[in-house]
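Student: Protein sequence lines correspond, in order, to chains A and B.
Numbering of the first sequence is given in our numbering, commencing with residue 1 and proceeding in unit increments.
Numbering of the second sequence is given in our numbering, commencing with residue 1001 and proceeding in unit increments.
Quick one: the structure is below, and I'll ask about it shortly.
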Amino acid sequence: MTVLAYELGVHNSRVILMKALAILLVASCSTLFAHENNGRGVKAVALADAFVAVADNPWAVYYNPAGLVQLRSPQACVFYVPQQFGIPLLNTKALAGGWNMNPCVIGAFVEQFGFDLYQTTDVAIGVGIVAGAGISAGATVNVERVAIERYGASTNETVGVGLLGRPFDNVAIAFALRNLTATTIGVNRERLPQCLLFGLCFTPFEDFRLVSEMEKDLQFPLVIKAGIEQKVLGFLSFRCGVANNPDKFSAGIAIQYSSIEFGYAGYSHPDLGWTHQIELAIQWDTAD
Amino acid sequence: MGHGGLKEIFLAITCSALLDTPLAGQTNPDTLEDRVEEVLESILENSTRDVEDSQYAETLIEMSKTPIDVNSATLSDLRQIPGVDLMLAQNIVSYREQHSFNSMDDLLLVKGMDRELFLQIRGFLVVETLTDVLDMPKPLSVRLTERVIRRLHDQQGFLDGAYAGNPYKIYNKIATRYAPDPSFYVQAGGLTEKDPGEKDVTDFASGFICVATKSNSMRCILGDYVIEAGQGLVLWRSAGTTKGSEVIASIAKNPRGLQPYGSSDENGYFRGVAVQASLSRFNVIAFISRKSINANLDEEGSISSFDLSGLSRTHSEIQTKSSSGERLIGVNAEARIVGELRMGVRGYTTRFDNPVALSTMNGFHGQRAAIGSGDFSFVSNRFGSFGEVAMDHARAIAAIGGFVVKPVPPLDVALVAHSYTQRFVSLHGFGFGEAGDQLQNGKGVYTSARLDLCAWLSISTYYDQFASVGASTLSLLPTYGNEFLSTVELQPNDKFSLQFQLKHKDQADEQNVLDAFSRTNSVLGRRSQANYRLSFEWCPSSFLRWRSRIEQVIVRYSPAATAASGVLLYQDIRLRPKARISVDGRVIVFGTDSYDSRIYEYESELRGTFANPALYGKGIRVYALARYEMGIFEISVKYSCTIKPGAAFLSSGESEIPGDTDNQLSFQIDLTL
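See the structure below:
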């Protein structure tokens, strides 16, 4: 606490700390996993997290590992959320990458969230394979360490699975199940979020994409999400999305230069305000 | 197996026989067994009862094992095939009279037949050649089924010793068919079943011997049998038609007459001797039955209620087992008057060993009962109609009538009206209505239409208005309600289908409301329920079938001004890596505010059974079903698990399961010789 007070200024440290703790309680599906709501990767966040049927970058490891098969060449990205809901304490740093090892694609990410009192570290590795006939399947193993000051720390492993299919050339459908293993945490054996997600991605034009998704967590109401992505210029893309439970609006841009892409995304929470994030991604071209 | 389940099963029997369109949300199944399952699903997925077993499944399997010769099948035979409605059956017969069928592909030339429907029904039909008849392969066939089901968490009844037996459900069945020459055959079958908690493996035992000519002009059954006749007001198996997504098919029944009994339902059958004789245009069935029944007896020895659960686990349940009996004798006669106009009469008289004084409102009182009815059905290329009027021993009357018309090829319109007087008693009927097993105190008008807008888009809808005609348990005054269903189906190709369904039902309901003094009063109010369902299916190859569904239900109460909602999502995958191996897996996530907002979810089961569990509360359900066919054997294994995180217990009473998990392992082996 002394360190925090020094960093934040004594006069407002208590207010900010209380706000941060309140956010952890209010914004989360599980009080121990508040940052789940933030999303991962600027593309997914800008589309209001309706990413399960898109899943075309290394963050597919989290959203839908079946989407990893869309990575034709090695990719890596650095993702940073400086202040979730304007709270400097709630920052996220993450690194993700994917590598096509024909016939499968391997992806992984590492993410750290939180501050001295509450901190989580996620490490996940996923694999996606083409199952044939326009269908791919994938699985992810996620190891998450949660540390709460004065309460201790806990490490938990969860498994997620996903499918991605293309019944038509411009339509993708997807499903993902998170925490298939029904992992619990703590002495009260609180179940980590267990969700079933359906996604639809429709690409009527080459530069325009519509996405929609439904997410049902066991303990919470159905969440419906939708988003659009428009490539306005060869190097510039706009994205935006909406979701409910809680009501959310999101938007973002991506600027691509050669094999490097810079992205920004922001989303609003009806009570807690805006959160901004940035990402830098690189894609190594391969011979084919 | 309980009576409720049996009834649900048979809701299907007639509806499936009249399915007039490609089944909603389905693509072409890979095997005939898949087809049987999909027929059951199309009929039962809209059911609002929890069912787990059905003779209908057995019937369809039997039909698939003994396909009908399309060159000799009667109109009635053809109408038994799921997907063949009365007009298509008539068109098949008309085509045959002019051309005869040389191959199955000739069916595609029949008016009203499209390729998808052809693929669906071809497994139930065959074009027999002279060589086929002379070869007569396999004069003897034997099918054995052994099924064991075990719930892995014991229920309270086992923990406190209230249940007499062990927690295994054990089912054994043998069915044989012997056809020494083309003109006649002999069927024999038997089954035993023990439910979890029951003591004896033979707690329920059933069997029959059936001798019949191949054309069924003569049939005699000794043992257990069922009879379907007319529109079900007097005689039907144990369940009848119901409303569903098949809006045209579900309204008219196509009776199968005398049939051997092969289900584990412990109520809906007769036991004795029945003889069916057909001569020219006439068909007569005479039957006699003597069967023990499970009933609760009061101090005076009168039957206060029938125990239809079929369970003998606890002391009180064992006490009701075979506590009384019923003797019955009856006859059914039908004639084809002219063309496709058919008329029939039937009746029976029955006597119970004990006087019956049912405690329910409008319940039967007396020791003897009798009932009779007359019915008709007529079908032409574009019009069909049907009706039945029945009268019981107290001269109470029930009547039903309706028609189906096809004014233009893409449009079908149907209407059915029924009126059942308040105290009408039908002990062995199952007719069209809000509750098919209660053919009393109800009236209603059902209208429906199906329009095939184009090759890939169709719309089905029905509107049903219903009311009680007298006092009911809800009110001393008549109550009323209505139900609306609309289904839009897109099928751009034979691999992909998308379906949206809206269902709304408004009916009288008893509610507790607070008055101005904060006292709780029970008042007659309204309950309206809306279900929204979106589902799609994709079969990119024979290797994989993908199904997804989301359904939301909203229940509103007035004047209580309260509401409850629920949502269910499921993802279903079927893998068939080889022709003889299939694996089904499904994940269901559900969340409902109350039991009232529960959502039913039809799921794959072991061969010959099906389940339609109601899901409520907050939880997840997963199951995996694997089947492996190796020669004469087929092995099926299913594991299912329902978890409601944080729940201290599941279910209630002696069925209560401690903890938040209910999992079950099922195993079945089928042997076909």
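C-beta: ideal position from N, C-alpha, C; glycine also.
Keep in mind that this is a model prediction, so the values were computed, not measured.
Can you tell me where the beta strand (DSSP E) holding residue 1256 (chain B) begins and where it ends?
Tutor: Taking the first residue of the second sequence as position 1, residue 1256 (chain B) is located at position 256. Counting along the chain, residue 1256 (chain B) falls outside any beta strand (DSSP E), and DSSP gives it neither H nor E.
Student: At least one CB of chain B closer than 8 Å to the CB of residue 202 (chain A): is that the case?
Tutor: Within the first sequence, the letter at position 202 stands for residue 202 (chain A). Closer than 8 Å: no.
Student: On the DSSP bridge list, what partners appear for residue 1462 (chain B)?
Tutor: Counting from one through the second sequence, the residue named residue 1462 (chain B) turns up at place 462. Beta-bridge pairing links residue 1462 (chain B) to B:1448 and B:1485.
Student: Taking 8 Å as the threshold (beta carbon to beta carbon), is residue 1544 (chain B) in contact with chain D?
Tutor: Among the chains of the structure shown, chain D does not appear; the protein chains present are A and B.
Student: Tell me which residues share the same chain as residue 1144 (chain B) and place their Cβ nearer than 6 Å to its Cβ, disregarding the 5 neighbours each side in the sequence.
Tutor: Numbered from 1 along the second sequence, position 144 holds the residue referred to as residue 1144 (chain B). Same-chain partners within the cutoff: 1174 and 1671.
Student: Distance check for residue 141 (chain A) and residue 1166 (chain B), CA to CA, integer angstroms please.
Tutor: To locate residue 1166 (chain B), count along the second sequence from 1; it is residue 166. To locate residue 141 (chain A), count along the first sequence from 1; it is residue 141. Between residue 1166 (chain B) and residue 141 (chain A), the C-alpha separation is close to 40 Å.
Student: Roughly how many angstroms lie between the CA atoms of residue 1123 (chain B) and residue 1107 (chain B), to the nearest whole one?
Tutor: On the second sequence, position 123 is the one that residue 1123 (chain B) refers to. On the second sequence, position 107 is the one that residue 1107 (chain B) refers to. Approximately 13 Å between the Cα atoms of the pair.
Student: So what's residue 93 (chain A) in DSSP terms, helix, strand or just coil?
Tutor: For this step, residue 93 (chain A) is matched to residue 93 along the first sequence. Three-state DSSP puts residue 93 (chain A) in a strand.
Student: With a threshold of 6 Å on Cβ separation, who are the neighbours of residue 1498 (chain B) within its own chain once the five nearest residues in sequence on each side are excluded?
Tutor: For the purposes of this step, residue 1498 (chain B) is taken as the residue at position 498 of the second sequence. The residues are 1490 and 1536.
Student: For residue 34 (chain A), which three-state DSSP category applies?
Tutor: Here residue 34 (chain A) refers to the residue found at position 34 when the first sequence is read from its first residue. The predicted position of residue 34 (chain A) is uncertain, since its pLDDT is 41 and thus under 50; a value taken from the coordinates is nonetheless stated next. Of the three classes helix, strand and coil, the one that applies to residue 34 (chain A) here is helix, per DSSP.
Student: Would a check of beta-carbon distances place residue 1026 (chain B) closer than 8 Å to chain A?
Tutor: Counting from 1 along the second sequence, the entry for residue 1026 (chain B) is found at position 26. Summary for residue 1026 (chain B): the model assigns pLDDT 40, below 50, so the residue's position carries little reliability, and this model does not support an answer.
Student: Can you check whether the CB of residue 1294 (chain B) is closer than 8 Å to the CB of residue 1316 (chain B)?
Tutor: Translated into the one-based positions of the second sequence, residue 1316 (chain B) becomes position 316. Translated into the one-based positions of the second sequence, residue 1294 (chain B) becomes position 294. Taking 8 Å as the Cβ cut-off, residue 1316 (chain B) and residue 1294 (chain B) do not qualify as a contacting pair.
Student: If the cut-off is 7 Å on Cβ atoms, which residues from the segment 91-108 of chain A count as contacting chain B, listed in chain order?
Tutor: Result list empty, no residue passes.
Student: So, is residue 9 (chain A) buried or exposed, given that buried needs 16 or more other C-beta atoms within 10 angstroms?
Tutor: Residue 9 (chain A) sits at position 9 when you count from the first residue of the first sequence. Since pLDDT at residue 9 (chain A) reaches only 42, below the 50 mark, its modelled position is unreliable, and the value read off the structure follows with that caveat. By the 10 Å Cβ count, residue 9 (chain A) comes out exposed.
Student: With 8 Å as the C-beta to C-beta threshold (strictly closer), list the residues of the segment 122-141 of chain A near chain B in chain order.
Tutor: Under the 8 Å Cβ criterion, the segment 122-141 of chain A contributes 131, 132, 133, 134 and 135.
Student: What does a CB cutoff of less than 7 Å around residue 1513 (chain B) pick up in its chain, not counting 5 residues either side in sequence?
Tutor: Translated into positions along the second sequence, residue 1513 (chain B) becomes position 513. Here the set comprises 1521, 1523, 1559 and 1560.
Student: Taking residue 171 (chain A) as part of the beta strand (DSSP E), name the residues at either end of that continuous run.
Tutor: The residue you call residue 171 (chain A) lines up with position 171 of the first sequence. Looking at the DSSP string, the run of the beta strand (DSSP E) that includes residue 171 (chain A) is 171-178.
Student: Does DSSP classify residue 1422 (chain B) as helix, strand or coil?
Tutor: Taking the first residue of the second sequence as position 1, residue 1422 (chain B) is located at position 422. Residue state, collapsed to three classes: coil.
Student: DSSP has residue 283 (chain A) in a bridge; who is on the other side?
Tutor: As a position in the first sequence, residue 283 (chain A) is number 283, starting the count at 1. DSSP, once it has assigned bridges, lists A:75 as partnering residue 283 (chain A).
Student: By how many angstroms is the C-alpha of residue 1104 (chain B) removed from the C-alpha of residue 1094 (chain B)?
Tutor: As a first step, residue 1094 (chain B) is located in the second sequence; it is residue number 94 there, counting from the start. As a first step, residue 1104 (chain B) is located in the second sequence; it is residue number 104 there, counting from the start. Between residue 1094 (chain B) and residue 1104 (chain B), the C-alpha separation is close to 16 Å.
Student: Determine, using beta carbons only, whether residue 1266 (chain B) and residue 1204 (chain B) come nearer to each other than 8 Å.
Tutor: In the second sequence, the residue the question calls residue 1266 (chain B) occupies position 266. In the second sequence, the residue the question calls residue 1204 (chain B) occupies position 204. Yes, the Cβ-Cβ distance between residue 1266 (chain B) and residue 1204 (chain B) is below 8 Å.
Student: Please list, in chain order, all residues of the same chain as residue 97 (chain A) whose beta carbon is under 8 Å from its beta carbon, the five residues on each side excluded.
Tutor: As a position in the first sequence, residue 97 (chain A) is number 97, starting the count at 1. Taken in chain order, the residues that qualify are 58, 74, 75, 76, 77, 107, 108 and 109.
Student: Within the chosen definition, does the segment 78-86 of chain A reach the segment 152-160 of chain A through at least 3 CB pairs nearer than 8 Å?
Tutor: Cβ pair count under 8 Å is below three, so no.
Student: Does the pairing of the segment 1570-1579 of chain B with the segment 1637-1647 of chain B give three or more beta-carbon distances under 8 Å?
Tutor: Cβ pair count under 8 Å is below three, so no.
Student: Strictly under 8 Å for the Cβ-Cβ distance: is residue 225 (chain A) near chain B by that measure?
Tutor: The sequence position of residue 225 (chain A) within the first sequence is 225, counting from 1. Taking Cβ atoms only, chain B never reaches closer than 8 Å to residue 225 (chain A), which makes this a no.
Student: Who pairs with residue 268 (chain A) in a beta bridge, going by DSSP?
Tutor: On the first sequence, position 268 is the one that residue 268 (chain A) refers to. BP columns for residue 268 (chain A) point to A:249 and A:274.
Student: Would residue 194 (chain A) count as contacting chain B if we go by Cβ distances under 8 Å?
Tutor: Here residue 194 (chain A) refers to the residue found at position 194 when the first sequence is read from its first residue. Interface residue, yes.
Student: Is the beta carbon of residue 1179 (chain B) sitting closer than 8 Å to the one on residue 1139 (chain B)?
Tutor: Position 179 of the second sequence, counted from the first residue, corresponds to residue 1179 (chain B). Position 139 of the second sequence, counted from the first residue, corresponds to residue 1139 (chain B). Cβ distance < 8 Å, so residue 1179 (chain B) and residue 1139 (chain B) count as in contact.
Student: Assuming residue 1615 (chain B) and residue 1627 (chain B) make a contact with CB atoms under 8 Å, what is their CB distance in whole Å?
Tutor: Taking the first residue of the second sequence as position 1, residue 1615 (chain B) is located at position 615. Taking the first residue of the second sequence as position 1, residue 1627 (chain B) is located at position 627. Not really, about 24 Å apart at Cβ, beyond 8 Å.
Student: Tell me which same chain residues have a C-beta within less than 6 Å of the C-beta of residue 1530 (chain B), skipping the five on either side of it?
Tutor: Within the second sequence, the letter at position 530 stands for residue 1530 (chain B). Contacts found: 1504 and 1554.
Student: Please look up how many angstroms separate the CB atoms of residue 1685 (chain B) and residue 1243 (chain B), rounded, as I've assumed it's under 8 Å.
Tutor: Residue coverage of chain B in this structure runs from 1001 to 1673, which leaves residue 1685 (chain B) outside it and unanswerable.
Student: Does DSSP put residue 1664 (chain B) in a helix, in a strand, or in coil?
Tutor: The residue given as residue 1664 (chain B) occupies position 664 in the second sequence. Three-state result, residue 1664 (chain B): strand.
Student: Please give me, in chain order, every unbroken run of the beta strand (DSSP E) with length at least 3 that falls completely inside the segment 1133-1174 of chain B.
Tutor: Complete beta strand (DSSP E) runs here, min 3: 1140-1151.
Student: Excluding five sequence neighbours on each side, which residues of the same chain lie with their C-beta closer than 6 Å to the C-beta of residue 983 (chain B)?
Tutor: This structure gives no information on residue 983 (chain B), because the portion of chain B shown stretches from 1001 to 1673.
Student: What's the C-alpha gap between residue 1169 (chain B) and residue 1200 (chain B)?
Tutor: Counting from one through the second sequence, the residue named residue 1169 (chain B) turns up at place 169. Counting from one through the second sequence, the residue named residue 1200 (chain B) turns up at place 200. Between residue 1169 (chain B) and residue 1200 (chain B), the C-alpha separation is close to 11 Å.
Student: Please identify, using Cβ separations under 8 Å, the residues of the segment 145-166 of chain A that lie next to chain B, in order along the chain.
Tutor: Flagged, chain order: 163 and 165.
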